[in-house]
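According to the working numbering, numbering within the sequence shown proceeds without interruption in unit steps and concludes at 736. Cβ coordinates follow ideal geometry from the N, Cα and C atoms, glycine included. Just so we're clear, the structure is a prediction, and the values are computed from it rather than from any experiment. Down below is the structure, laid out as structure tokens.
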Amino acid sequence: MTNDRESELNELSKQVTYSQEQPLQSWKEIAAYLERDERTAQRWEKSAGLPVRRLGEGKGSSVYAYPSEIEAWRTAREPKNNDGLMLRRSVPVAIGLLVVLVGAWFIKFGPILNPPNPLVEADGITIRQVWAEDGPIDVGSPFPDGRYLSFVDWETGDLSIRDLATEENRHVTNEASLSDPVEFAFYESTFSPDSKHIAYIWRNEDQRYELRIIGVDGSAPRILYRGYVQPNDWSSDGKQVLTILWPEEGAAQIALISVEDGSVRVLKTMDRGSPLKMSLSPDDRYVVYDLPPSAEQSARDIFLLSTETQNEIALVQHAADEHHPVWTPDGKHVIFASDRTGSMGLWKVEVANGAPQGWPKLIKSDIGRFWPMGFTGSGTLYLSLETGMFDVYFTKLDLRENRILENPIRVSQRFVGFNLMPDWSSDGKYLSYLSRRSLLPGHYWYYDARIVVRTLETGEEREIAPKLSSFGFPCWSPDGRFFLAVGRGRNGHSAVFKIDSKSGDTTAVFERKPLTNVRFLIWSRDGKAIFYRRHDFSGNSNLIRRDLESGHEQELFRTLSPDQWYSPALSRDGQYFAFILENEETGTQAIHIMPSTGGESHQLLEVQEPETLVIKKALVWTPDDQQILFVKRVGTESDKQTLALMAISVEGGEPRKLGPMMDHVRELSLHPNGTSLVFTAGQRNFEVWAMEGFLPEP
């Protein structure tokens, strides 16, 4: 006989009507299924009603489709072969089609006539993919002649250059280290106008940030500025670098830093966050950047700042999200990304004498989750594009029999591909998850996100929109009154926030210390304290307990590089923590248990490469605190490895396999009665595209 909780979960299964059929998740997969090229599939969507779905609301470049729907569409279009007319018509059509296909093959594969992966629009715009990776690409900017891209190679942490012609990568720096002492290049970098130097951020072994410049050949690196800084552009004469500065005290600043002596000229101190992207006009008279119009808003507008008078005007104002502005090479237009049509597209606005001339005009719609990186001298625009999908899934378990009972199904059909970070309430009556709404890219914190709360009894969902610029990892308080989340407030400050589960009102619990990351937030069982991991990039990772009333913090556990720890999970009775300890040098991972008050830990399980454990919030205790569930990658060869849900006793011994899991699984949450599991699965991929043919001839 099922209990009340099991009935609730059965009801959830009924409410989730999403098909278990695996979708085709890109134009490439859809075209391959149709045995046609991508342009044909796109044309069939417009002219013949090919059933293609899009992520989010409105059209977007990220698409998916179900094979069963495509087959139904094919069947509906099949001709009725009941007269000879169809046969007589089909012969010339087939011949014509053959000619077209042969021509298309020659154009597609002819090495002289066609560059790699072009997509030529009807208006003459050409878009071609120049780089694609599984996972993030921290790309800086394009070389002035378009041959290279700067980026950070996270295999070593070095600033690197990618040759787009040969697809070869070359390190520019060779002193990075991701083990003790830790130092590495950090995200943003930009080429000088004469193509001889790169300005970049360096994280030194003292855990401090530096603005450095270095020769493209790796010669003569030197420090211009010490402090948290982000280089965005160079002046036209190569004598200054346009930067965003984050002083240890105070708000972010827009500044020009001298290449000769490192002197700083502050142009503006922010009062509402900081820009995602800035660009200096070719005559050096104006800086264009994105900012929210007020501290109470999250959607961004485009602003123009005079470098001479420091006067700021709103260049583009709209209720939509507009970001990453870049000047065109002739200085007559500013291009930017905007979702004002319902999907993210590329727009331009004419500028003269520091003022807009007319309304913005659409250049290309439905590009996807992208941001402009910059122009080459010849007018080619490089775009960075976030692709891939991730979603929240639900499955049933039988812990007595140690097995998964059902194939996973998506929890929601809304905003497919944009949902993640699920969490059960402590009473098991509610399921929450984070749902992305903005097409702005994000790594851990997401812009304009919502917390969606589903009531199991009724199946109803409600949304909470915290007044934060970005946030992630929301988790329920024991009494269900609040969520805890890490993110950035509208004032631009990073902090851990308490979010009211009814009103969405936010309160900062504590601000994130400079040069540290905060992850894995957990409430104590009585709700009087929180636990979190503080990581400072120098190799130190601490488990911290913070008393909410007094603010007193206690260090419970610490690791030093090359050891790192992940996925802390608090037992149901609040007495113990489980966590994963990883050593990169030995290639081992282990599950440990320790008292929640601190002290020595003991090891339950160790795995050795090539077998690995999933480390992103991937440990959960069973309701009786007698077992720990985890996800393990099994197999001896990478192309044959699979993920499996495993269980191990807190006394140790051999782990038991409950069943297979989806690829790229993370963020597990087990229902309090142990009969169902929710998790995130999916992957974020990144691509770089080159766009040409949309600027007027010089």
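Closest by CA to residue i, which one among the options?
i      : options                           : result
SER515 : GLY525, ALA567, VAL556 and LEU506 : ALA567
TRP603 : GLN167, ASP75, ASN580 and GLY612  : ASN580
LEU586 : LEU400, ALA237, ALA110 and LEU522 : LEU522
ASP339 : GLU346, GLN348 and LEU353         : LEU353
ILE163 : THR418, ASP368 and TYR104         : THR418
LYS306 : PHE341, PHE511 and LYS434         : PHE341
GLY546 : LEU400, THR194, PHE509 and HIS573 : The question names Gly, but residue 546 in the sequence shown is Ala. The shortest C-alpha separation from ALA546 is found at PHE509.
VAL652 : ILE631, SER634, LEU619 and ASP663 : LEU619
GLY311 : ALA682, ARG526, GLY673 and SER639 : ARG526
PRO504 : GLU495, LEU472, GLY518 and SER344 : LEU472
VAL726 : ASP183, LEU423 and SER416         : LEU423
LYS315 : ILE236, THR228, ASP322 and HIS235 : THR228
THR493 : SER539, ASP196, TRP397 and HIS235 : SER539
SER687 : SER605, ILE666, THR414 and LEU696 : ILE666
Can you give me the C-alpha to C-alpha distance between residue i and residue j, rounded to a whole angstrom?
i      : j      : result
ALA533 : ARG557 : 11 angstroms
ARG246 : ILE239 : 10 angstroms
ALA375 : ASP404 : 11 angstroms
SER336 : ASP377 : 14 angstroms
GLU649 : PRO269 : 40 angstroms
THR281 : TYR324 : 14 angstroms
ARG720 : PRO285 : As written in the sequence, residue 720 is Gly, which differs from the Arg given in the question. Going from the Cα of GLY720 to the Cα of PRO285 covers about 37 angstroms.
ARG563 : THR211 : 48 angstroms
VAL304 : GLY256 : 29 angstroms
ALA289 : LEU469 : 37 angstroms
GLU593 : ILE582 : 5 angstroms
ASP701 : TYR104 : 19 angstroms
SER588 : GLU689 : 36 angstroms
SER634 : THR425 : 39 angstroms
GLU705 : VAL669 : 11 angstroms
GLN646 : LYS402 : 49 angstroms
GLY134 : ARG448 : Caution is warranted here: a pLDDT of 41 is assigned to GLY134, below 50, making its placement in the model unreliable, and the coordinate value is therefore given only provisionally. Answer to the nearest angstrom: the Cα atoms are 44 angstroms apart.
ARG550 : LEU559 : 13 angstroms
Give the DSSP-derived three-state secondary structure of residue i in the structure shown.
i      : result
THR713 : coil
ARG492 : strand
THR307 : strand
SER296 : strand
TYR327 : strand
ASP650 : A small correction: the amino acid at residue 650 is Thr; Asp does not occupy that position in the sequence shown. Here THR650 sits in strand by DSSP.
GLU730 : strand
ALA70  : helix
SER106 : helix
ARG81  : helix
TRP192 : coil
ARG246 : coil
ALA567 : strand
ALA393 : strand
ALA523 : strand
ASN152 : Note on ASN152: pLDDT 33, under 50, position unreliable in the model; the coordinate value appears next. Coil.
GLU725 : strand
GLU587 : coil
ALA86  : helix
GLU501 : strand
GLU226 : strand
GLU622 : coil
ARG378 : coil
ARG474 : coil
Over the uninterrupted beta strand (DSSP E) stretch that includes residue i, give me the two end residues.
i      : result
TYR263 : 260–264
GLU334 : Run containing GLU334: none; DSSP gives neither H nor E here.
TYR420 : 419–436
ALA170 : 164–171
SER532 : 532–538
GLN602 : 601–608
LEU216 : Segment: none, LEU216 is in no beta strand (DSSP E) and carries neither H nor E.
GLN665 : 665–672
So with Cβ pairs under 8 angstroms, would you call residue i a contact of chain E?
i      : result
THR204 : In the displayed structure, chain E is absent; only one protein chain is listed.
Using DSSP's beta-bridge definition, name the partner residues of residue i.
i      : result
THR346 : Note that residue 346 corresponds to Glu in the displayed sequence, not to Thr. GLU346 is not bridged to any residue.
SER707 : VAL716
GLY412 : TYR420
GLN370 : One point to set straight first is that residue 370 is Lys, not Gln, in the sequence displayed. In DSSP, LYS370 forms no bridge with anything.
TRP65  : Paired residue(s): none; TRP65 is not in a bridge.
GLY518 : Paired residue(s): none; GLY518 is not in a bridge.
ASP271 : LEU280
TRP462 : LEU469
LYS399 : LYS386
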